[in-house]
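4 is the number of the first residue of the sequence shown in the working numbering; add one for each residue after it.
From the three backbone atoms N, C-alpha and C, an ideal C-beta is built for every residue, glycine too.
So the structure is just underneath, and the comments pick up after that.
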Amino acid sequence: MPRTPDPAPDPVQRRLLALADALQEDLRRAHALLLTPRAGRKGQDFLEEVLERTEGWRALAREGMELAERFARHGLDLSYAFARHGMDLGYAFARHGMDLGFRFAAKGEAVGPMADRVLFMAVQIGVMADRIGEMADRIGEMADRILFMADRIAGFGDRIVYESQLVIYTEQLVVHESVLIQETARLVSRTLLALLALAGGQAPPPVPAEEEASRRHALDLIYANLDRMLDHLQAYALAQLRREEAARTQETVTRLQEAAVRETWTRLRRVTLSADDCFCPGFGTEQPAQAPDPPEA
């Protein structure tokens with residue numbers, strides 16, 4: 004039995020077939036353009052190199068943060084120890100000077116002005132110790148500023164790493180979107196070809212195996228990149244929380260140290276004021292010289 008020739012497609016079917024062929028050619032060119040190497044390297048190699056450099060930035064920022072924090076803590080400990088030692092020495096010297104002044108003044112009224120001067124010197128030593136305490140307090144504040152600046156530097160380094168990761172993730176999302184658009188257009192074109200074949204009484208064209216494998220590989224790559232992006236964002240958020248917790252702990256320790264310094268300062272001022280209350284009425288004045296006895300007649 005002779006085979007019946009296929010009916011000639013009408014103009015509408017020819018137009019749809021031409022549009023489907025043009026769309027398939029455009030998709031093939033877009034896919035080739037995405038896979039074309041740039042400057043001798045593919046996009047995946049470039050992304051891996053950028054991720055390696057991002058790890059280097061993160062390590063550099065972490066090392067700088069550790070060095071700055073170690074330097075600030077060491078300076079704060081030294082300044083606090085110097086302040087405590089200086090105030091203790093000043094307090095002991097002032098107490099010993101006042102005790103000697105009291106003993107010396109108790110031996111007689113003739114040595115009263117000298118005892119007053121000894122007491123005055125002891126009070127001045129106490130004032131000097133007070134100034135040393137103020138200077139130590141200023142050194143502690145400067146150490147706190149250094150620690151705050153180190154924390155800011157570390158946060159700036161993490162921000163650089165985070166911004167670079169956002170740039171990489173944006174590029175990946177653009178590539179993923181283009182791949183998804185390509186797969187959607189390819190699916191639409193396959194559907195149109197199948198509908199045209201069914202309308203013409205023919206079997207729909209089969210999907211090539213390499214096209215199905217390429218689609219699955221693209222989807223697996225998209226899912227892997229999204230998982231990596233979410234892992235990096237979660238790690239950055241956890242690092243931010245740990246940094247905030249360390250800052251709160253350091254602030255509590257600093258407040259306790261400041262309270263101890265203020266307590267020592269108050270004790271020194273109380274001792275200084277008590278020494279000031281013990282001054283003799285003739286403090287700072289010379290005793291009037293006695294007039295010579297009149298000659299005997």
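| Item | Value |
| --- | --- |
| Relative to the C-alpha of T257, which candidate in I128, A25, L150 has its C-alpha closest? | L150 |
| Since I believe A250 is in contact with D161 (beta carbons under 8 Å), could you give me their beta-carbon distance rounded to a whole number of angstroms? | Actually they do not touch by this definition, with Cβ atoms about 13 Å apart. |
| With a threshold of 16 other CB atoms inside 10 Å of the CB of A202, please say whether the residue is buried or exposed. | exposed |
| Skipping 5 residues on each side, what residues in its chain have a beta carbon closer than 8 Å to that of A200? | A206, P207, P208 |
| If we ignore side chains and look at the alpha-carbon of each, how far apart do M152 and E66 end up? | 15 Å |
| For H99, is the classification buried or exposed, using 16 other Cβ atoms within 10 angstroms of its Cβ as the cut-off for buried? | exposed |
| Excluding the 5 residues preceding and the 5 following M232 in the sequence, name in chain order all residues of the same chain whose CB lies nearer than 6 Å to its CB. | Y172 |
| At a cut of 8 Å, does the segment 82-101 reach the segment 126-144 through at least three beta carbon pairs? | yes |
| Our contact map puts S82 next to G143 with C-beta atoms below 8 Å; I'd like the distance itself, whole angstroms only. | 5 Å |
| Counting only the same chain and skipping the five closest in sequence on each side, list residues whose C-beta sits under 8 Å from that of Q243. | D161 |
| Using only CA atoms, which one of R219, L196, E69, Q168 lies nearest to D234? | Q168 |
| For G43, which residues from the same chain have a beta carbon less than 8 Å from its beta carbon, with the 5 sequence-adjacent residues on both sides left out? | Note on G43: pLDDT 48, under 50, position unreliable in the model; the coordinate value appears next. For G43, where only same-chain residues beyond five positions count, there are no Cβ hits under 8 Å. |
| Where does G78 fall in DSSP's three states? | helix |
| Below 9 Å between beta carbons: does that hold for E186 and R218? | yes |
| Starting from the Cα of V210, find the closest Cα among V191, A146, L222 and give me that residue. | V191 |
| Would DSSP call A206 helix, strand or coil? | coil |
| Going by the beta-carbon positions, is the gap between A146 and A86 smaller than 9 Å? | no |
| Please determine, among I156, Q253, F123, the residue with the shortest C-alpha to C-alpha distance to D1. | Because the chain in this structure spans residues 4 to 300, residue 1 falls outside the shown range and cannot be described. |
| Report yes if the CB atom of Q260 is closer than 9 Å to the CB atom of L79, and no otherwise. | yes |
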